[in-house]
Structure formats: C-alpha cells, structure tokens
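For what it's worth, this note's numbering labels the leading residue of the sequence shown as 344, then goes sequentially. Worksheet for the structure shown next.
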Amino acid sequence: MPKGRMLNKKISKDIEIAKLSCKAALLYSWCIPHLDIEGRIEASPEIIKGVVVPYRKDFTLSVIRKCIEEIANNKHLVVYYGNVCKYMQFLGFTKNQTLDKKREAPSEIPPPTQELLLSYSGVTPAEVKVKVKSKLNISLSLIESIVSDLNSVLGTSYKSSSLKTRGLIQARLKEGFTLDDFKTVHRKMLRAWGTDEKMVKYLRPITLYGPKFENYLNQKSITTKLTPEGIKAYLIGQEWLKSKNAQEASDAK
344 MPKGRMLNKK ISKDIEIAKL SCKAALLYSW CIPHLDIEGR IEASPEIIKG VVVPYRKDFT
404 LSVIRKCIEE IANNKHLVVY YGNVCKYMQF LGFTKNQTLD KKREAPSEIP PPTQELLLSY
464 SGVTPAEVKV KVKSKLNISL SLIESIVSDL NSVLGTSYKS SSLKTRGLIQ ARLKEGFTLD
524 DFKTVHRKML RAWGTDEKMV KYLRPITLYG PKFENYLNQK SITTKLTPEG IKAYLIGQEW
584 LKSKNAQEAS DAK
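Structure follows, in structure tokens:
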C-alpha cells in the first residue's frame, strides 16, 4: 500500500459519486489512500474509524456503518466475508486514479466471489444477470425464512436485512447447511440455553450462526423441561436483548 495516491480531479464531476450524501462521499474519498492495489480494505467500522477518520468526531461507528451501507447500496463497493474478517472492495477503483502495480505489494485480502461481483456489475450479459439475480433472490428468500423462524422460536425481532446476519447465514449456506439445519439449531439451543441466566443472552444470530454452528447442530438434545425458574431466566434474557437492541437503535439515530 502506498503512502498516498494521486486522485484524478474528474472525481469531482463523477455523477454517480455526486449522488452520495456528503458524509458518504467524504468517507468514500478518504478511504481511497488506504485501499490496497485491488481496492480492498477491512469493512469493520472500528478499523475505518481508527485508520481513515480518527479525528472526525462526527464520524461515529453508527455513522460509518450507515455510510458503508449507502455506498454499497449505490453499488460503489461490495461488502463480503472472508474466512475471518468482513471486507469491502471498491468497485471501479481505477476509474479516478492511475495505479502502478509494479510499485505496490499484492493484495493480502481475499477477493469477493465472482458471483457477487457480477451482481454488482452493470456490464455483464443479460443472461448472466438473470441467473445471478435469480440466485440472489433465492438466497435472500432463504435468509428471510431462517431469520423468521428464529424470531418465531425465540419471540425476538431480528432483521434479515442486517449485513452481519446475512453474511453469517451465507457463510453457513456455502458450507452446505440447509434451512432445516438452522431450524434444528434454533430449537436445540433454546432448550440448551433458555433456562440458563448466563447463556440465554447468546440466543442471537451473531452467536448461533458463527463458526460453531456445526457444533450446535450436532449437540445432543437436552430434554430438560422449562421450570418456572427457567422460564423466568428466559424472560429476563429476552428483556435484556430487547433493551440492548433498543439502545443500539437509539445510538444509530
């Protein structure tokens, strides 16, 4: 990665960039010097805050998260998951600058899948677009079914539109797990943790759909009935989750 980049002045007249809000456009521009030769960087709001806008107090983590979503929705970047971290690749990275790959180190960040890139491209053949769109629609429909079942089992209101939740579910689907597997995990882990005051708070997508998903799926079923104390513990956990979600929603405003 270079110490800096020469940004072409034509970016000022880029109609697509001009459609972004001021904060999203600023973050987009300020990220460019920090991207690797392929236009990639970690997508963690904490990392973007510390590296790109460390002294901008108005760029809180929630603001950065919203900016990333806005830029992605306008198809200027794609957010995806690698083996460990979440990354983003800026599309059309070479459009407003000149790069010399001989003078820069190769990217150490894994690339997004070709299918994901095709879904963001405006120059692919029509039949490829239809095929990719169809697969994406199936994937989104499946994600919605999974999250809907989770909410039905736990009495929660998690959103299937969450980028983190989608990423985790897609990662498990790519590993070959099915809708029935997710339903099994929902019910097994409710029985395992629903009566435990310490563990009930982990009945959430970020935990259930993480790397230990297969362990949860193959965990021996617990037949212990929900005692009055267990029900109380479960309800306490649900209240904790609701208050936490409400606080996060308030912070995001």
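All C-beta atoms in this analysis are idealised placements derived from N, C-alpha and C, irrespective of residue type, glycine included.
Which of helix, strand or coil DSSP assigns to residue i
{"i": "Met532", "result": "helix"}
{"i": "Val421", "result": "strand"}
{"i": "Ile486", "result": "helix"}
{"i": "Lys544", "result": "helix"}
{"i": "Thr467", "result": "Interpretation of Thr467 is limited by its pLDDT of 39, a score under 50 that renders its predicted location unreliable; the figure taken from the coordinates is listed afterwards. Coil at Thr467, not helix or strand."}
{"i": "Gln562", "result": "coil"}
{"i": "Phe556", "result": "helix"}
{"i": "Phe402", "result": "coil"}
{"i": "Phe525", "result": "helix"}
{"i": "Leu551", "result": "helix"}
{"i": "Lys362", "result": "coil"}
{"i": "Lys352", "result": "helix"}
{"i": "Lys444", "result": "helix"}
{"i": "Lys409", "result": "helix"}
Buried/exposed call for residue i, threshold 16 Cβ in 10 Å
{"i": "Ser503", "result": "buried"}
{"i": "Thr538", "result": "buried"}
{"i": "Thr508", "result": "buried"}
{"i": "Tyr398", "result": "exposed"}
{"i": "Ile512", "result": "buried"}
{"i": "Pro449", "result": "exposed"}
Whether residue i touches residue j by CB criterion (8 angstroms)
{"i": "Asp354", "j": "Lys444", "result": "Looking at the sequence provided, one finds Ile at residue 354 rather than Asp. Result no, Cβ atoms of Ile354 and Lys444 do not sit closer than 8 angstroms."}
{"i": "Lys418", "j": "Ile407", "result": "no"}
{"i": "Cys410", "j": "Lys366", "result": "yes"}
{"i": "Tyr501", "j": "Pro548", "result": "yes"}
{"i": "Asp524", "j": "Leu485", "result": "no"}
{"i": "Glu385", "j": "Tyr430", "result": "yes"}
{"i": "Ile489", "j": "Leu522", "result": "yes"}
Host beta strand (DSSP E) of residue i (start-end)
{"i": "Ile384", "result": "383–385"}
{"i": "Lys392", "result": "That residue, Lys392, is in no beta strand (DSSP E); its alpha helix (DSSP H) goes 388–394."}
Start and end residues, alpha helix (DSSP H) containing residue i
{"i": "Lys366", "result": "365–374"}
{"i": "Lys507", "result": "506–517"}
Closest by C-alpha distance to residue i, when choosing among the options
{"i": "Ala415", "options": "Thr403, Gln432, Leu369", "result": "Gln432"}
{"i": "Leu350", "options": "Met542, Trp373, Val394, Thr456", "result": "Trp373"}
{"i": "Pro454", "options": "Cys428, Arg446, Leu442, Glu447", "result": "Cys428"}
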